[in-house]
Amino acid sequence: MNIRILGCYGSDALLQRATGPYTCNTCGFLLNGTLLLDAGTVATKLSLNEQKQIRHIILSHLHFDHIKGLPMLADNLSEQIDASIVVAGLPEVIQGLRRHIFNTDVYPDFFSIPTPERPAFTSSYLKPGSICSFSGVDITPIPVNHTVPTTGFIVQDRSSAFVYSGDTYSTDELWHEARQIPHLTTAFIECSYPNSMRELARISKHLTPALLAQEFRKLDRDDISLYAYHLKPAYKDEILRELRELHLPGLEVLEEDQTLTI
Ligand SMILES: [Zn+2]
Ligand SMILES: [Zn+2]
Numbered sequence: 002m003n004i005r006i007l008g009c010y011g012s013d014a015l016l017q018r019a020t021g022p023y024t025c026n027t028c029g030f031l032l033n034g035t036l037l038l039d040a041g042t043v044a045t046k047l048s049l050n051e052q053k054q055i056r057h058i059i060l061s062h063l064h065f066d067h068i069k070g071l072p073m074l075a076d077n078l079s080e081q082i083d084a085s086i087v088v089a090g091l092p093e094v095i096q097g098l099r100r101h102i103f104n105t106d107v108y109p110d111f112f113s114i115p116t117p118e119r120p121a122f123t124s125s126y127l128k129p130g131s132i133c134s135f136s137g138v139d140i141t142p143i144p145v146n147h148t149v150p151t152t153g154f155i156v157q158d159r160s161s162a163f164v165y166s167g168d169t170y171s172t173d174e175l176w177h178e179a180r181q182i183p184h185l186t187t188a189f190i191e192c193s194y195p196n197s198m199r200e201l202a203r204i205s206k207h208l209t210p211a212l213l214a215q216e217f218r219k220l221d222r223d224d225i226s227l228y229a230y231h232l233k234p235a236y237k238d239e240i241l242r243e244l245r246e247l248h249l250p251g252l253e254v255l256e257e258d259q260t261l262t263i
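With positions in the sequence shown counted from 1, the corresponding number in the working numbering is that position plus 1.
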């Protein structure tokens, strides 16, 4: 499986580094060029031709940092594509998207235009625990512990599999299901705040480095590449230091504009 990281942070920011300016963008992972996992960053990182290849979009939840690429993608493509793009998520996510974003006030209803017969987007409801196949990849949504209805995902094809935490606080079912998959190679676990902000992490239902280590232990596997992602850019340096101090084998911090082959 080919995973292109369009964005992997918990907010957008332009950071200054010794090597020059450095951008952080919210989460969007493009699988095999056709399946988008979360839609925080899309159109600013893909050519129009690359955008046209997207057939399915899977959303972990409705929070703005995970959906904000959708309106511009629809705007770019609505007159350009032969078939609607399928947007899949929990019913609460799809209904919320239509009610709060594509409601003709905030943005046009791209679930009905340019024509009701061939809109830019069509919707598909995901059922927790049920496998759905999109673009040749099997997706299992598993509910996780966030402030709104949210799923993490187990994503697999015949040769490899990965687990994506979505936004979550301490959770169990996702790790329980993932650790039973023999060809699981990779885990993406969110890590939004430094340990000093554990109370905000608890209230907003996100992880810190200490909590990430606790969640990773639940996977109980020593053959997994672990990537921390969804760092809030304002605390990046502190989070990086604390992640290094964990000395977890195989732990890396995910960076955007990289492509992973698993
Ligand atoms: Zn988020
Ligand atoms: Zn969230």
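Beta carbons: idealized from backbone N, C-alpha and C, even for Gly.
Output the boundary residues of the alpha helix (DSSP H) element that contains residue i.
i: H177; result: 174-179
i: P92; result: 92-101
i: Q17; result: Segment 14-18 is the beta strand (DSSP E) holding Q17; no alpha helix (DSSP H) there.
i: I204; result: 199-205
i: F217; result: 210-220
i: E118; result: First-last for E118: undefined, no H or E at that position.
i: P72; result: 71-78
i: K128; result: Counting along the chain, K128 falls outside any alpha helix (DSSP H), and DSSP gives it neither H nor E.
i: S53; result: Per the sequence shown, the amino acid found at residue 53 is Lys instead of Ser. Element bounds for K53: 49-53.
Going by other Cβ atoms of all chains shown within 10 Å of its Cβ, with 16 needed for buried, is residue i buried or exposed?
i: S166; result: buried
i: P117; result: exposed
i: F154; result: buried
i: A19; result: exposed
i: I132; result: exposed
i: D106; result: exposed
i: H177; result: exposed
i: F217; result: buried
i: K46; result: buried
i: T262; result: exposed
i: P195; result: buried
i: A84; result: exposed
i: E243; result: buried
Let me check you understand the geometry: is the CB of residue i closer than 7 Å to at least one non-hydrogen atom of ligand 1?
i: H101; result: no
i: D13; result: no
i: D66; result: yes
i: H184; result: no
i: H231; result: yes
On the DSSP bridge list, what partners appear for residue i?
i: P144; result: T152
i: T42; result: According to DSSP, which records beta bridges pairwise, T42 is partnered with nothing at all.
i: T24; result: L15
i: D139; result: S134, Q157
Can you tell me where the beta strand (DSSP E) with residue i in it begins and where it stops?
i: R242; result: Per DSSP, R242 belongs to no beta strand (DSSP E); it is in the alpha helix (DSSP H), 237-246.
i: E253; result: 252-254
i: N3; result: 3-8
i: L261; result: 260-262
i: E191; result: 185-191
i: L31; result: 29-32
i: L227; result: 226-230
i: A162; result: 162-165
i: H57; result: 57-59
Any heavy atom of ligand 2 closer than 7 Å to the CB of residue i?
i: D168; result: yes
i: H62; result: yes
i: H147; result: yes
Quick one: any contact between the segment 205-215 and the segment 47-59, if contact means 3 or more CB pairs under 8 Å?
Too few Cβ pairs lie closer than 8 Å, so no.
At least 3 beta-carbon pairs within less than 8 Å: the segment 95-105 vs the segment 177-186:
no
Please confirm if the segment 3-12 is in contact with the segment 37-46, defined as three or more CB-CB distances below 8 Å between the two stretches.
yes
Evaluate the contact criterion for the segment 125-143 versus the segment 197-206: three or more CB pairs, one atom per stretch, below 8 Å.
no
Quick test of the definition: if touching needs 3 or more C-beta pairs under 8 Å, does the segment 57-64 touch the segment 77-88?
Flag = yes, the segment 57-64 and the segment 77-88 touch.
Inter-stretch contact at 8 Å, needing at least 3 Cβ pairs: the segment 221-235 / the segment 246-254:
Proximity of the segment 221-235 to the segment 246-254 meets the contact definition, three or more beta-carbon pairs being nearer than 8 Å.
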